[in-house]
Structure formats: C-alpha cells, structure tokens
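Engineer: Numbering (this note's numbering), first residue to last: 2 to 442.
Quick reminder that beta carbons are idealized off the backbone N, C-alpha and C, glycines included.
Here's what the structure looks like:
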C-alpha cells in the first residue's frame with residue numbers, strides 16, 4: 002500500500018507542459034529541470050514498470066533521448082501532481098506565463114480554471130495556491146474534501162424511506178407469501194415481510210463512504226485520523242459498489258443541495274469526472290487533467306457568462322449541421338434518402354440578432370518561426386467548413402496568448418469567410434472577452 006510519512010512533501014519539482022526532467026544538471030536550457038539521480042530513477046521506474054497498455058502513467062510522461070543531454074522524461078499535455086513513495090512531489094503546470102521563474106502565477110491560474118469549471122469551493126485562490134505549493138495539489142485536494150465532508154456531517158446526514166425485506170418475529174409490513182413459504186416452511190412463527198425503512202442508507206451517503214475508504218488508502222497519518230472520525234458517522238451505511246448507478250440516483254432537490262459540493266469531490270476521487278485522472282499504486286499517486294479540455298471548458302464558460310449577461314445568444318457544441326450529404330436506401334420507405342455525414346460541431350456560437358460568429362478553442366502555443374505559425378492545414382479546413390456551412394462571415398480561433406507572438410493573424414477566402422486568431426490572455430480574461438465582443442459589433 003502507498004504510504005508517505007508526514008503531511009508535507011519533502012520537495013516539489015515543477016515544470017510546465019512538454020518540458021523535461023533530466024538526471025542531474027546537464028544543460029543550462031531552462032526547459033530542462035534537473036532531478037537528483039535517485040529521484041530521476043524512481044520516476045523512471047514508475048513510468049517503465051508496466052507494459053504501455055496497462056500503465057496509465059505513460060499518458061502523462063514520455064521517456065526519450067536528447068542529443069548531448071541523454072535520457073529525459075518529458076511532460077505531455079496533462080497537468081497536475083505526481084507523488085513518489087519517498088515523499089517527493091513532481092508538479093506539471095500549464096504553460097500560461099512563459100517566464101520559468103513564475104510557476105506561482107501558473108499554479109494560481111490553474112486553480113482558478115479548476116474552480117470555475119468544476120465549481121469548486123475555493124474561496125481564496127491566492128491562499129489555495131500557496132497551500133498547493135507547500136503541500137502539493139494532491140494532499141491539498143484530499144484536505145479540502147475532508148473539510149467539506151466534516152461540514153456536511155455536522156449538519157447531519159440525510160435519511161430517506163426505502164423498501165427492505167426481512168424475516169421478523171412479528172408481522173410488520175407487507176407479507177411476501179411466496180418467500181414466506183420457501184423461507185419459513187419450518188419456522189412458521191416467523192414472517193417474511195417487505196417494509197418501509199427510514200435510514201441514512203441513500204446513494205449520496207454511499208458515495209461519500211466509498212470515497213472516504215478510497216482516500217484512506219493513500220492518506221497521511223493526520224488525515225487518516227480525520228477519516229476514521231468521519232467513517233464513524235457512516236458505520237450503518239454500505240459503501241457504493243455501483244458508482245455510476247448511485248450517482249444517477251442522487252436527488253436533485255432543495256433538500257439535497259447541501260450535498261453538491263462534497264459530491265463534486267467524490268466525482269474527482271472516484272474517477273467519474275470526464276477529464277480528471279486519479280491514479281496510483283504502491284509506488285506513486287497522481288492526479289492529472291488534460292489541459293486542452295480544461296482550457297476549452299474554461300474559456301467556453303467565461304464567454305457564455307459574459308455574453309449571456311449582455312443579452313447575446315450563446316450556444317456551445319451546437320450539433321445538426323453536416324459538411325456533406327450521402328445517399329442511402331431507407332428500409333422503411335424503400336426510397337433513397339439524403340443523410341448528413343461529417344458533422345460540424347464548433348465549440349461556441351454567438352449571435353447578435355442575425356449576425357453570427359463561430360469560435361473554436363485550441364490549447365496550443367503558436368510559434369512565429371513555424372509555417373503558418375504552427376496552425377495546421379486540417380484546422381484551417383475545419384474553420385473554413387464551419388464558416389461556409391453555418392453561413393458565418395467570421396470564425397475566430399482562440400489560442401493562448403504568447404509574449405513573443407501578439408501580431409494580428411487573419412486568413413481570408415474568396416467565399417468571404419474570415420478566419421482570425423484571437424489571443425486568450427488568461428491573466429486578463431476581461432480584456433480577451435472585450436476583444437471578442439468587438440469582433441461581432
């Protein structure tokens with residue numbers, strides 16, 4: 002079982018996406034972070050210990066060779082935290098602020114994005130960022146979950162009525178005749194009944210207990226004591242053995258509203274969140290998020306809130322429009338029909354009256370030295386198809402802002418479709434939203 006003594010990580014080594022870890026210092030290049038040989042080998046062992054098809058960690062790290070550097074461990078597009086069994090933390094941050102000395106800013110914005118997308122109960126991002134820097138994201142997430150669960154327990158766990166079958170000495174409830182015959186043929190003084198029982202065995206509580214038990218396997222001694230106290234309130238409740246089913250059974254009424262925050266954390270630790278990956282074994286623990294999905298959802302949410310308040314019509318992931326049509330024979334009508342194929346689903350659509358602009362988010366750092374700045378031909382074809390099929394005169398491609406590349410990039414076509422790059426400044430999101438608004442005015 003994975004176990005680390007003490008609450009705090011011994012040391013945290015931080016890099017950004019697509020940067021590298023090396024064994025000791027072998028280069029002055031700021032993209033390479035040196036690790037002590039022992040730690041580098043521990044991390045390397047975690048990555049290479051299992052076959053690729055069984056090793057989720059190889060989603061987060063790549064092992065490769067670099068000329069004049071040697072073996073390196075490269076981060077991918079996943080951001081988050083990785084904890085080795087010796088208490089050393091490995092942190093992968095999004096490349097938002099390009100200055101390598103400003104990891105604190107990257108960490109702060111990353112937490113802000115998680116807070117917005119997941120509706121996490123983080124009241125002070127600055128304080129949360131400092132705590133995550135000190136103890137690592139992983140321990141910090143566990144601590145917040147336990148704190149929210151403690152608040153819920155103090156308020157009292159909710160109960161509900163549900164049917165229960167049992168063999169009783171007295172007739173209480175509905176007698177089940179068929180089971181009475183099969184189960185009480187010898188002891189006819191007993192009654193096999195179905196009755197309403199009012200207790201705390203409801204899906205929300207089962208999910209919380211399942212999460213507490215899972216987190217307890219990897220918690221430090223301080224949090225284990227907190228979990229033990231919390232589990233005492235759930236002793237009559239079975240943990241969830243059917244997570245998906247129980248989440249579907251959770252009530253969505255006023256009486257259950259106070260459960261919302263804790264259940265959000267349960268979804269994270271029970272791996273139900275679509276883009277959060279909580280994974281570990283006896284050698285390590287990890288909690289990672291694909292940055293492209295986080296960026297896409299965060300930007301979409303910011304745009305929706307901004308333009309909705311200004312009474313624009315905003316839709317995300319709109320469906321029903323296809324690039325082409327294909328003939329097919331209908332078995333029902335025995336006639337040829339035209340069916341759409343190659344569905345076009347832009348990330349965001351904004352209308353002001355009849356005027357429409359389409360937006361597509363791309364978590365990719367463009368490069369002035371690359372052909373077309375690194376924008377792929379496939380991406381341009383896709384944006385052009387959006388413009389033509391949706392009859393939008395303007396399509397905006399939203400890329401993260403780069404300090405070295407802030408010039409205006411516009412592609413025009415003979416079909417009067419304009420494809421324009423808009424820089425998303427995550428440090429000053431209000432300015433980005435205003436620049437998008439000007440494009441539709």
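Can you have a look at residue 98 and say buried or exposed, based on whether 16 or more other CB atoms are within 10 angstroms of its CB?
Structural biologist: The residue you call residue 98 lines up with position 97 of the chain shown. It counts as buried.
Engineer: Opposite residue 413 in the DSSP bridges: which residues?
Structural biologist: In the chain shown, counting from the first residue as 1, residue 413 sits at position 412. Answer by DSSP bridge pairing, in chain order: 419.
Engineer: To the nearest angstrom, how far is it from the Cα of residue 86 to the Cα of residue 222?
Structural biologist: As a working mapping, residue 86 is identified with position 85 in the chain shown. As a working mapping, residue 222 is identified with position 221 in the chain shown. One C-alpha to the other measures close to 15 Å.
Engineer: Count the other CB atoms within 10 Å of the CB of residue 437; is the residue buried (16 or more) or exposed (fewer)?
Structural biologist: Counting from one through the chain shown, the residue named residue 437 turns up at place 436. Classification for residue 437: buried.
Engineer: Helix, strand or coil: how does DSSP classify residue 380 here?
Structural biologist: Against the chain shown, residue 380 aligns to sequence position 379. Three-state result, residue 380: helix.
Engineer: For chain D, find out if any of its Cβ atoms is closer than 8 Å to the Cβ of residue 204; answer yes or no.
Structural biologist: The question asks about chain D, but that chain is absent: this structure has only one protein chain.
Engineer: Using CA coordinates, which residue listed in 359, 354, 295, 291 is at the minimum distance from residue 317?
Structural biologist: Against the chain shown, residue 317 aligns to sequence position 316. The shortest Cα separation from residue 317 among 359, 354, 295, 291 belongs to 359.
Engineer: Within a Cβ cutoff of 7 Å, which residues of the same chain sit near residue 43, ignoring the five residues on either side of it in sequence?
Structural biologist: Position 42 of the chain shown holds residue 43. 85, 87.
Engineer: Residue 326 and residue 264 - do their beta-carbons sit closer together than 8 Å?
Structural biologist: The residue you call residue 264 lines up with position 263 of the chain shown. The residue you call residue 326 lines up with position 325 of the chain shown. No, Cβ-Cβ distance for residue 264 and residue 326 is not below 8 Å.
Engineer: Go to residue 361, then tell me how far its beta strand (DSSP E) extends in each direction, as first and last residue.
Structural biologist: Within the chain shown, the letter at position 360 stands for residue 361. Taken as a continuous stretch (DSSP letters only), the beta strand (DSSP E) holding residue 361 covers 356-362.
Engineer: Can you have a look at residue 216 and say buried or exposed, based on whether 16 or more other CB atoms are within 10 angstroms of its CB?
Structural biologist: What you label residue 216 is simply residue 215 of the chain shown in a count that begins at 1. Label assigned to residue 216: buried.
Engineer: Which value, in whole angstroms, describes the spacing of the CA atoms of residue 72 and residue 41?
Structural biologist: What you label residue 72 is simply residue 71 of the chain shown in a count that begins at 1. What you label residue 41 is simply residue 40 of the chain shown in a count that begins at 1. Computed Cα separation, rounded: 10 Å.
Engineer: In three-state DSSP terms, what is residue 322?
Structural biologist: Taking the chain shown and counting its residues from 1, the one referred to as residue 322 is at position 321. In this structure, residue 322 counts as coil in the three-state DSSP scheme.
Engineer: Helix, strand or coil, according to DSSP, for residue 243 in the structure here?
Structural biologist: By 1-based counting over the chain shown, the position of residue 243 is 242. Of the three classes helix, strand and coil, the one that applies to residue 243 here is coil, per DSSP.
Engineer: Quick check on residue 414: buried or exposed, where buried means 16 or more other Cβ atoms within 10 Å of its Cβ?
Structural biologist: Sequence index remark: in the chain shown, residue 414 carries index 413 (1-based). It is exposed - the Cβ of residue 414 has fewer than 16 other Cβ atoms within 10 Å.
Engineer: How would you label residue 108, buried or exposed, when you count the other beta carbons within 10 angstroms and need 16 or more for buried?
Structural biologist: One-based indexing of the chain shown puts residue 108 at position 107. It counts as buried.
Engineer: Checking the sheet assignment: what are the DSSP bridge partners for residue 34?
Structural biologist: As a first step, residue 34 must be located in the chain shown, where it is residue number 33. Residue 34 is bridged to 22.
Engineer: Pull up the DSSP beta-bridge partners for residue 401, would you.
Structural biologist: Indexing the chain shown from 1 puts residue 401 at position 400. According to DSSP, residue 401 bridges with 425.
Engineer: Using only the alpha-carbon positions, how far apart do residue 18 and residue 62 sit?
Structural biologist: Translated into the one-based positions of the chain shown, residue 18 becomes position 17. Translated into the one-based positions of the chain shown, residue 62 becomes position 61. So the alpha carbons of these two residues sit roughly 10 Å apart.
Engineer: With a threshold of 7 Å on Cβ separation, who are the neighbours of residue 293 within its own chain once the five nearest residues in sequence on each side are excluded?
Structural biologist: The residue labelled residue 293 in the question sits at position 292 within the chain shown. Result list for residue 293: 78, 364, in chain order.
Engineer: If you follow the alpha helix (DSSP H) that residue 210 is part of, which residue opens it and which one closes it?
Structural biologist: In the chain shown, the residue the question calls residue 210 occupies position 209. Segment 204-217, the alpha helix (DSSP H) holding residue 210.
Engineer: Count the CB pairs spanning the stretch 223-238 and the stretch 280-288 that are closer than 8 Å, and state whether there are at least three.
Structural biologist: Cβ pair count under 8 Å is below three, so no.
Engineer: Do residue 82 and residue 22 come within 8 Å of each other at the CB atom, strictly closer than that value?
Structural biologist: In the chain shown, the residue the question calls residue 22 occupies position 21. In the chain shown, the residue the question calls residue 82 occupies position 81. Not a contact, by the Cβ cut-off of 8 Å.
Engineer: Cβ atoms of residue 434 and residue 303: under 8 Å apart, would you say?
Structural biologist: Working through the chain shown from its first residue, we reach residue 303 at position 302. Working through the chain shown from its first residue, we reach residue 434 at position 433. Yes, these two residues count as a Cβ contact at 8 Å.
Engineer: Return helix, strand or coil for residue 88, following the three-state DSSP convention.
Structural biologist: In the chain shown, counting from the first residue as 1, residue 88 sits at position 87. Note: residue 88 maps to coil in three-state DSSP.
Engineer: Under a Cβ-count criterion, where at least 16 other Cβ atoms within 10 Å of its own Cβ denotes burial, should residue 328 be classed as buried or exposed?
Structural biologist: As a first step, residue 328 must be located in the chain shown, where it is residue number 327. Looking at its Cβ environment, which holds fewer than 16 other Cβ atoms inside 10 Å, residue 328 is exposed.
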